[in-house]
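Scroll down for the structure; my scribbles are underneath it.
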Amino acid sequence: MTRYSTAEENLPDDPEGEVRIQLTDTDTKEIFVTRARVAESESELDDPEPLTVVRGPHENIKEEWYIDILETNPELGEIDEEILHDCIEYSRTESNVINARSEDARAMLQYLVTVGEFDSVSDAVRTIVNSYMQDAYPELLDAYLDVKAERIRDEISSSFGDNR
Numbered sequence: 018m019t020r021y022s023t024a025e026e027n028l029p030d031d032p033e034g035e036v037r038i039q040l041t042d043t044d045t046k047e048i049f050v051t052r053a054r055v056a057e058s059e060s061e062l063d064d065p066e067p068l069t070v071v072r073g074p075h076e077n078i079k080e081e082w083y084i085d086i087l088e089t090n091p092e093l094g095e096i097d098e099e100i101l102h103d104c105i106e107y108s109r110t111e112s113n114v115i116n117a118r119s120e121d122a123r124a125m126l127q128y129l130v131t132v133g134e135f136d137s138v139s140d141a142v143r144t145i146v147n148s149y150m151q152d153a154y155p156e157l158l159d160a161y162l163d164v165k166a167e168r169i170r171d172e173i174s175s176s177f178g179d180n181r
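For what it's worth, the working numbering labels the leading residue of the sequence shown as 18, then goes sequentially.
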């Protein structure tokens with residue numbers, strides 16, 4: 018039986034019905050997005066598999082839940098540009114530090130820096146994440162570029178007093 022884990026922040030506020038959730042296969046360490054049903058009780062699902070939900074500042078508090086995977090790597094669907102705009106604004110005003118809390122990932126990234134593949138761990142993370150996003154979520158990248166370009170046009174236009 019496969020075991021999965023996820024961070025509490027990946028769970029929706031109301032986990033009733035179908036949800037879209039990011040999981041980690043605890044055996045293979047593969048991270049993926051899936052369409053599923055989740056519940057705290059095994060009896061609420063048709064084909065339950067164990068799901069460990071981690072929470073807390075160091076993700077060291079664990080709760081046992083269950084998951085019924087309906088579809089792995091579902092299409093992202095239509096991009097909600099309002100949500101994307103809010104995410105861009107959040108990234109501009111809040112910390113842009115991404116924390117993965119993974120000794121394994123840090124060790125492999127440090128190796129790539131040490132052998133000269135990248136200049137820094139930050140450079141490696143940016144390059145690898147950007148490459149993955151291009152491959153896995155091209156529609157999100159396209160929408161991001163459109164929203165970002167519109168934002169830049171608006172900023173430049175307002176700096177000229179909207180007199181185009």
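Here a beta-carbon is modelled for each residue, glycine too, at the ideal position from N, C-alpha and C.
Contact check, E59 vs Y83 under 8 Å by CB: the rounded distance? Between Y83 and E59 the Cβ distance is about 5 Å, and since that is below 8 Å, they are a contact.
Close-in-space but distant-in-sequence residues of the same chain around T19 (CB under 7 Å, 5 per side omitted): Setting aside the 5 residues that flank it on each side, T19 is surrounded in the same chain by D42, D44, E66, each with a C-beta closer than 7 Å to its C-beta; the list follows chain order.
Any idea if T110 is buried or exposed, counting beta-carbon neighbours within 10 angstroms, 16 or more meaning buried? Classification for T110: exposed.
By the 10 Å Cβ neighbour count, where 16 or more other Cβ atoms means buried, how is A53 classified, buried or exposed? The Cβ neighbour count for A53, taken over all protein chains shown within 10 Å, is at least 16; the residue is labelled buried.
Between which residues of its own chain and V164 is the CB-CB distance below 8 Å, once the five residues before and five after are set aside? Within the same chain, E98, L101, H102, I105 come within 8 Å of V164 by CB-CB distance, once the 5 residues on both sides are set aside.
Beta-carbon within less than 6 Å of I86's beta-carbon, same chain only, minus the 5 sequence neighbours each way: which residues are those? Cβ within range, chain order: T51, A53.
Kindly provide the ranges of any beta strand (DSSP E) runs that are 3 or more residues long and lie completely inside the segment 63-113, ordered along the chain. Whole beta strand (DSSP E) segments, 3+ residues: 66-72, 78-89.
With H, G and I counted as helix, E and B as strand and the rest as coil, what does DSSP make of L188? A question about residue 188 goes unanswered here, because the residues of the chain that appear run from 18 up to 181.
By DSSP, does L129 sit in helix, in strand, or in coil? L129: helix per DSSP, three-state reduction.
What residue range does the alpha helix (DSSP H) around D42 cover? For D42, no alpha helix (DSSP H) segment is defined; the enclosing uninterrupted segment is the beta strand (DSSP E) at 35-42.
Going straight from the alpha carbon of L28 to that of G178, what length do you get? L28 and G178 have their C-alpha atoms spaced approximately 44 Å apart.
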